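In the numbering used here, the protein residues as written are 15 to 165.
Backbone N, C-alpha and C define an ideal beta-carbon position, used for all residues, glycine too.
All values derive from a computational prediction rather than experimental measurement.
Right under this line is the structure:
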C-alpha cells in the first residue's frame with residue numbers, strides 16, 4: 015500500500031487522535047492529584063469540561079463532513095443530528111461539574127456508537143471505526159473518572 019493509501023491515513027489519524035487525548039489525560043491526572051481546595055481545581059475542571067465540549071463539536075463536524083458526500087433520503091437527518099454533539103457540549107458547560115461530566119460521557123459514548131454504525135453501513139473507512147472505538151473508550155473512561163472525582 016502506498017504512503018497516500020488508507021493505511022497511511024489511518025495511522026496518521028490514530029497518531030493525531032492519540033495526541034488529542036493528551037489534554038484529557040493530563041487534566042484528569044492533575045485533577046486526581048490535587049486537593050479539593052486547591053486554587054487551580056475549578057480552572058482544571060473548567061478546562062476539562064471545555065476541552066470535552068470542543069472535541070464533541072469536532073466530532074459533530076466530522077459527521078457533517080461525512081454527510082455532505084451523500085445525497086440520499088437520510089442526508090438531511092444526518093446533517094441535523096450532526097449538530098447534537100455541539101449542543102450537548104455547550105449544554106455541559108452550563109451544568110454542575112459532575113452532571114457535565116456525566117453528559118459528556120454519554121455524548122461521547124453515543125457518538126462512538128454512531129460512528130461504528132456509520133462504518134458498518136459503508137459510509138466511513140474501517141480505520142475510522144477502529145480509531146473511534148479506541149478513542150471513545152479512552153474519553154468515556156476519562157469522563158467517568160472526572161465524574162467520580164467531582165461527585
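**Q.** As assigned by DSSP and simplified to three states, the class of residue 21
**A.** For the purposes of this step, residue 21 is taken as residue 7 along the chain shown, with counting starting at 1. Shown here, residue 21 sits in a helix according to DSSP, grouped into three states.
Q: Pick helix, strand or coil for residue 103, following the three-state DSSP scheme.
A: Start at 1 with the first residue of the chain shown, and residue 103 comes out as number 89. Look at residue 103 here: in three-state DSSP terms it is helix.
Q.
Quick check on residue 129: buried or exposed, where buried means 16 or more other Cβ atoms within 10 Å of its Cβ?
A. Working through the chain shown from its first residue, we reach residue 129 at position 115. Classification for residue 129: buried.
Q) Buried or exposed: which applies to residue 136, given that a residue is buried once 16 or more other Cβ atoms fall within 10 Å of its Cβ? A) Within the chain shown, residue 136 is the residue found at index 122, counting from 1. Exposed.
Q.
Quick check on the DSSP output: what are the complete alpha helix (DSSP H) runs of length 4 or more inside the stretch 50-118, in order along the chain?
A. 55-82, 89-95, 98-108, all fully within the stretch 50-118.
Q. Span of the alpha helix (DSSP H) holding residue 143?
A. The residue given as residue 143 occupies position 129 in the chain shown. Start and end: 140-164.
Q: Return yes when the Cβ of residue 69 is within less than 9 angstroms of the Cβ of residue 24, no when it is not.
A: If you number the chain shown from 1, residue 24 lands on position 10. If you number the chain shown from 1, residue 69 lands on position 55. Using a Cβ distance threshold of 9 angstroms, residue 24 and residue 69 do not count as a contacting pair.
Q. Under the rule that 16 or more other beta-carbon atoms within 10 Å means buried, what is residue 118, buried or exposed?
A. Along the chain shown, one-based indexing puts residue 118 at 104. With a 10 Å radius around the Cβ and a threshold of 16 neighbouring Cβ atoms, residue 118 comes out buried.
Q.
If you reduce the DSSP assignment to three classes, tell me which class residue 137 lands in.
A. On the chain shown, residue 137 is found 123 positions in, with the first residue counted as 1. Correct three-state label for residue 137: coil.
Q: Alpha carbon to alpha carbon, how far is residue 82 from residue 39? Give it in angstroms, no decimals.
A: Position 25 of the chain shown holds residue 39. Position 68 of the chain shown holds residue 82. Taking the straight line joining both Cα atoms gives about 33 angstroms.
Q: Kindly list the residues whose CB is nearer than 7 angstroms to the CB of residue 29, restricted to its own chain and excluding five residues on each side of it in sequence; keep chain order.
A: Translated into the one-based positions of the chain shown, residue 29 becomes position 15. Excluding residues within five positions, none has a Cβ falling inside 7 angstroms.
Q) Shortest alpha-carbon distance to residue 64 belongs to which of 111, 44, 87? A) Along the chain shown, read from residue 1 onward, the residue named residue 64 stands at position 50. Ranking the options by Cα distance to residue 64, first place goes to 111.
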